[in-house]
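This report concerns only the one structure given below.
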Amino acid sequence: MCFSLLQFPRCRIHSLANSWWESFHKLGRSSGGSSSFRVLCSNNYEPEGGNSRRWTRRTINTKAGGSNESSIRNTSIRHEIIPELSSESNSKKLETTKVQKSRKIGIRSKIISESTSTKISTYAVDTTEIESDQHYIDLAKLATIICFDIETTGFGREKDRIIEIACQDLRGGENSTFQTLVNPERDVPNQQIHGISTRMVNRYDVPRMKDLIPILLQYVRSRQIPGGVVVLVSHNGRTFDVPFLKKEFNRCSYEIPSDWLFADTLPLARAVMKSKGPKVPSKISLQALREHYGIPLIGPAHRALSDVHSLALVLQRLTYDLKLPVSGLIQGWSFK
DNA sequence: GGCCCTCTTTAGGGCCTT
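Numbering (this note's numbering), first residue to last: 56 to 391.
Okay, here's the thing in structure tokens:
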């Protein structure tokens, strides 16, 4: 069965994040400030190109950017270093990794084998064992970090439905952002929250969840590095977004791919606020975190894509505050 | 519903997600 975005004009995969990265770097070069910024991920990877991916260290001067230049505020962002990687050699290294005794409790992924670099869907993943810190570092080098957000008709995953999904691959580049409305085939009772009305989603050209899931899987697979895991990050995802998504997958007779990991920025925010002491406001909603870090709102709040843009920046700030590299995110803060 | 905090643990209230 073949699915195409052309079937659903309201389903969009585009390169907004790419332009975000470009403007970010451009602003950095022109700011003249003294702050340094080491990016969480590089956008040098080309999903379709395969072997050209390199993780690089970048130090630039920057401002936190958005689409509206006038709304940009000066910030001092400094982020982690991801060591440069020869993807080919490390892929082989990862392939031959042997399972050792587990050092951590929790579900993690271990790449067992990978048939070829071009058949990205054929590798197997074991979710029961884990080995050394070096393993996590290797895993991190091949990890894809995707922020995502959903809008729904309510809080109850039994009775409510997803009406919008947005994803953003932090690596940026072409087709790094995915956003679509979802036809819930029912009325939307909470338009006042997100502005999405029944008339907007109950349309023939808006995909239903069962139509969308194959497209979503295809999008994530297109961003995934052969042999690597995907880490899907959301705010309060452990108790809301992830169970909701799983419920929708199950309702449509799909399973969440075994090589998908999830991470929640809510406990990260708790850890950061706790480390800063009692004087720091304890509000840790996405909006509160955005305001705390001085991140400008891009687009309407409580729309999936807008919240994903905020989440991507909040994640970078939180991981910097916690001095948390990608390997640490996978090792200590991810879940299945 | 899960997590965290505290005037707690034999509990209850608040936060977070739409």
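C-beta: ideal position from N, C-alpha, C; glycine also.
Give a yes or no on whether the C-beta atoms belonging to residue i and residue j are separated by under 8 Å.
| i | j | result |
| --- | --- | --- |
| S389 | L194 | no |
| L344 | A324 | yes |
| V256 | I218 | yes |
| V237 | I248 | no |
| I205 | D266 | no |
| L352 | I339 | no |
| Y274 | C222 | yes |
| I311 | K302 | no |
| P298 | R212 | yes |
| L341 | H290 | yes |
| I280 | L197 | yes |
| R258 | E240 | no |
Once the 5 residues before and after residue i are set aside, which same chain residues still bring their CB inside 7 Å of it?
| i | result |
| --- | --- |
| I350 | A119, S365, L368, V369 |
| A326 | L377 |
| N245 | T208, G209 |
| G292 | F317, D319 |
| T151 | For T151, the predicted structure reports a pLDDT of 29, less than 50, and the residue's modelled location is therefore unreliable. A value from the coordinates is still provided. None. |
What would DSSP say about residue i, mapped onto helix, strand or coil?
| i | result |
| --- | --- |
| F210 | coil |
| L344 | helix |
| S382 | helix |
| S389 | strand |
| I358 | The question names Ile, yet the displayed sequence has Arg at residue 358. Coil at R358, not helix or strand. |
| R263 | strand |
| G292 | helix |
| R306 | helix |
| D242 | coil |
| S252 | coil |
| P351 | coil |
| I192 | helix |
| I268 | helix |
| Q279 | coil |
| D331 | Going by the sequence as given, residue 331 is Lys instead of Asp. Coil at K331, not helix or strand. |
| K338 | coil |
| L377 | coil |
| I166 | Any reading at I166 needs caution, since the residue's pLDDT is 25, under 50, leaving its predicted position unreliable; the model's value is listed next. Here I166 sits in strand by DSSP. |
| R258 | coil |
| Q371 | helix |
On the DSSP bridge assignment, give the partners of residue i in chain order.
| i | result |
| --- | --- |
| R67 | Q234 |
| I201 | D224, L287 |
| W315 | V285 |
| E219 | E206, L236 |
Would the beta-carbon of residue i be found less than 7 Å away from any heavy atom of the ligand GDP?
| i | result |
| --- | --- |
| Y375 | No copy of the ligand GDP occurs in the structure displayed, which carries no ligand at all. |
Just to confirm my understanding: we take residue i, look at its own chain, exclude 5 residues before and 5 after, and list those with CB closer than 6 Å. What are they?
| i | result |
| --- | --- |
| T253 | D242, V243 |
| L430 | Because the chain in this structure spans residues 56 to 391, residue 430 falls outside the shown range and cannot be described. |
| I268 | C307, Y309 |
| Q234 | R67, A221, L360 |
Report all residues from its chain with a CB closer than 8 Å to the CB of residue i; omit the five preceding and five following residues, and keep chain order.
| i | result |
| --- | --- |
| I251 | E206, I218, E219, L236, V243, R358 |
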